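Below: one structure, written as structure tokens.
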Amino acid sequence: MLKFPRLLSIFTLVFSLLPVTEAVAQVKPDNTLGNENSVVIPIDQDNQRIDGGATRGANLFHSFLEFNVGAGRGVYFANPAGIENILSRITGNRPSRIFGTLGVLGDANLFLLNPNGIFFGQNASLDINGSFLATTADGISLGNQGYFSASEPHTSNLVAVEPGALFFNQVANQPGVIRSQGNLTTGGNFTLWADNLDLKGQLQAGGNLTLQAQDTIRAQDNAANPFIAQAGNQLLVQGDQKVEILAFNHPDSGLFAGGNMTLRSRNRVGGDTRYTSGGNFTIEQLDGSLGDLFSPKDPTVRAGGDVSFNNYTGASLHIFAGGSVTIPGNIRITGTDTADNSIQENVTLSKEIVVDLNGSTQAIVANIDGSTEPTLDIRAGTTAVGAAAITGTGSDITIGNINNEGGLVLLTNQYAPNTALPAGTIQVGNINTRDRMEAGGNIYIDSRGSIQLNSNLNSSAGQMGDAGDIILFADEEIAIANSRIASDSRNGLAGLIEVQASNSVEINASTLTSESLGSDTSGAGGAISITAQTGSIALDNGTRLNTSARGDGFAGFITLDAGNQIAIANNSNIISNADTREAGLIGLQANNDINISNSDIKAESRDG
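So, in structure tokens, the structure goes:
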């Protein structure tokens, strides 16, 4: 298998625009290989074969003054018996222009080195069964002793060792560029490695696909032509200084990998497209630490394995992971996107909410549509990722802080779950869907395992509108500590706070409020419902539940329902007060003991 080690270098971005209409000269060998020079043999009117060259073991070396393939023409390298690698360099001062077909008459790997740049036109194609590497590097190492140089051919030492590291001239007057507009396919690995990459069209590899730039990678599509980067195995996109992917204009555009997919850069990755990985999806910095993602559109990540990056800023984000999702930094959703790019789906949560003191319930449906509502949609441990080469090993969701003003947040490992995986835990920092002026957004956390909160959740409304609901469902335990969970309103209705676990619920030193705060309005308090289906409910260390209503509004009800026992202790309070209307009802039900110690339960109406 071809291996190309990663070397680091920094360049200033200068894209050379190459004219596409002028006549293209064909292949011109140089004389740097002496009596082993390359020889160009006409096959027919439109095709040429390259013979000769210097043979060293399984390596065949070619050297050219110019190397171009005209439109409608083909240039093929002969593949003598025993040759595994064909290495070709361009020693002149002009870029190579591939407007026709470049191929190998056999299964050897092909290396094309031109420090001045390489341009694959719209009608360019590859006829290569093996692997292909095109690069603007100045040379390539051959073990510890050998070297094949394009910029200084006289320094070359050709040996029978497998090609290794690429070397770039760090003081070049103009960085080399590879521009690709064609549909290029190889049977093996496929690598484009340059100072800068400017990519359109389609790039497909039967093995690994590596797109690597010492400086910047820019990839883009348009409404008529997709940009597709597809690997049968691993896909690496690395721009040491910048990765900029603008590929959401065509419905077929995207990055696809049968195995792992990695986007790597020193700076934030601009990743405006669709991602589908049969393995893990990772955004990382050059040192291997997690990197950041930015997208002004509505990106979708589908991965058979784990999804990992540090921060996200941009429009609605959808993640479907066969494994775990880890985003330890901040997620900031800045808005919606067009309907053409968004996922539109109704997701029914795993449990039903309690709607009154009689225990009546109803299903909760999250309406996913990133075009109408700013949306964060994360689903882990799911089978809904298509064909996956790698099965996830867990279904945990670990998120830092989330800010999505007025939008929807869905975190779940209950959606089409892979029940062969361990039940995952959901851990999240602060979540804010409060809108400063209008309605708050809904927050849904639905876990096949447990939920652990040591943070604040806020779905309150601003000056106008209703607060959003906050729903926490877990098949195991829910533990809330040192947290504030608020679904309050000023001039509208407060939202529902539902905490429901199949096992136990523990709330420690925390506040849950669903209040109507406007003193001169007729808004209403929401409701708080806490359920531990088979376990116990514990409120401890000053925990406070409040559904009060100011002004001319009704307070909301509060229910606690435990399969085992309820314990309320250490200055914990349950309050449902109203100014002029009725206070909300408070109901406690347990199959075993209800213990209240040094705590208050109060439902009062001042004037009602």
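In my numbering, the protein residues as written are 4 to 611.
Backbone N, C-alpha and C fix where the C-beta goes; we use that ideal spot for every residue, glycine too.
Everything numeric in this text was worked out from a predicted model, so none of it was measured.
Between the CA atoms of residue j and residue i - distance to the nearest angstrom
i      : j      : result
Phe7   : Trp196 : Low confidence applies here, because Phe7 scores a pLDDT of 40, under 50, leaving its location unreliable; read the following figure in that light. The alpha-carbon atoms of Phe7 and Trp196 are separated by roughly 10 angstroms.
Ala530 : Ser398 : 31 angstroms
Ile86  : Leu63  : 7 angstroms
Asn574 : Gly261 : 56 angstroms
Phe312 : Glu287 : 7 angstroms
Arg271 : Asp243 : 11 angstroms
Thr303 : Asn406 : 18 angstroms
Asn404 : Gly308 : 23 angstroms
Leu10  : Leu169 : With a pLDDT of only 34 at Leu10, under 50, the local geometry of the prediction cannot be trusted, and no value is derived from it.
Glu607 : Ile599 : 19 angstroms
Ala26  : Gly73  : Its pLDDT being 42, under 50, Ala26 is placed unreliably in this model, and the value from its coordinates should be taken loosely. Ala26 and Gly73: Cα-Cα distance of roughly 8 angstroms.
Ser12  : Asn544 : Residue placement at Ser12 is flagged as unreliable, the pLDDT there being 36, under the threshold of 50; a coordinate-derived value is accordingly withheld.
Asn160 : Asp380 : 55 angstroms
Gly2   : Asn506 : No statement about residue 2 is possible, as the shown extent of the chain runs from 4 to 611 and does not include it.
Gly210 : Asp110 : 14 angstroms
Leu239 : Gly554 : 59 angstroms
Thr316 : Asn132 : 41 angstroms
Leu563 : Ile569 : 8 angstroms
Gln455 : Ile488 : 13 angstroms
Asp478 : Ile577 : 25 angstroms
Ser490 : Asp372 : 22 angstroms
Glu348 : Gly559 : 31 angstroms
Gly179 : Thr139 : 5 angstroms
Gly471 : Asp438 : 10 angstroms
Arg547 : Ala318 : 35 angstroms
Contact with chain B by residue i, beta-carbon distance below 8 angstroms
i      : result
Leu187 : Included in the structure is just one protein chain, with no chain B present.
Assigned secondary structure, residue i (DSSP; H/G/I helix, E/B strand, else coil)
i      : result
His321 : strand
Pro156 : helix
Gly37  : helix
Asp243 : coil
Glu480 : coil
Leu588 : coil
Ser280 : strand
Thr139 : coil
Asp47  : coil
Pro178 : coil
Ile86  : coil
Asp399 : coil
Asn511 : strand
Val1   : What is shown of the chain runs 4 to 611, which leaves residue 1 out entirely.
Gly566 : coil
Gln536 : coil
Asn228 : coil
Ala470 : coil
Phe123 : strand
Ala383 : coil
Phe70  : coil
Continuous beta strand (DSSP E) stretch holding residue i: start and end
i      : result
Ile500 : Leu499 to Ala504
Lys354 : Gln347 to Val357
Met264 : Met264 to Ser268
Tyr447 : Ile446 to Ser450
Gly332 : Val328 to Gly338
Ser486 : That residue, Ser486, is in no beta strand (DSSP E); it is neither H nor E in DSSP.
Asn112 : Asn112 to Leu116
Thr188 : Asn186 to Thr189
Ile1   : Residue 1 falls outside the range modelled here, since the chain spans only 4 to 611, and no answer is possible.
Ile454 : Ile454 to Leu456
Ser128 : Ser128 to Asp130
Gly77  : Gly77 to Ala81
8 angstroms Cβ cutoff met for residue i and residue j
i      : j      : result
Glu376 : Gln365 : no
Phe70  : Asn117 : yes
Asn3   : Ala226 : Here the chain covers residues 4 to 611 and nothing more, so residue 3 does not appear.
Ala581 : Ser551 : yes
Tyr418 : Val368 : no
Ile400 : Gly432 : no
Glu441 : Gly468 : yes
Asn567 : Ser532 : no
Gln466 : Asn435 : no
Arg269 : Leu289 : yes
Asn333 : Gly384 : no
Val328 : Ile322 : yes
Asp49  : Arg76  : yes
Gly167 : Ser144 : yes
Ala234 : Leu212 : yes
Ile473 : Ser486 : no
For the stretch 96-112 and the stretch 150-165, state whether three or more C-beta atom pairs, one from each stretch, are separated by less than 8 angstroms. no
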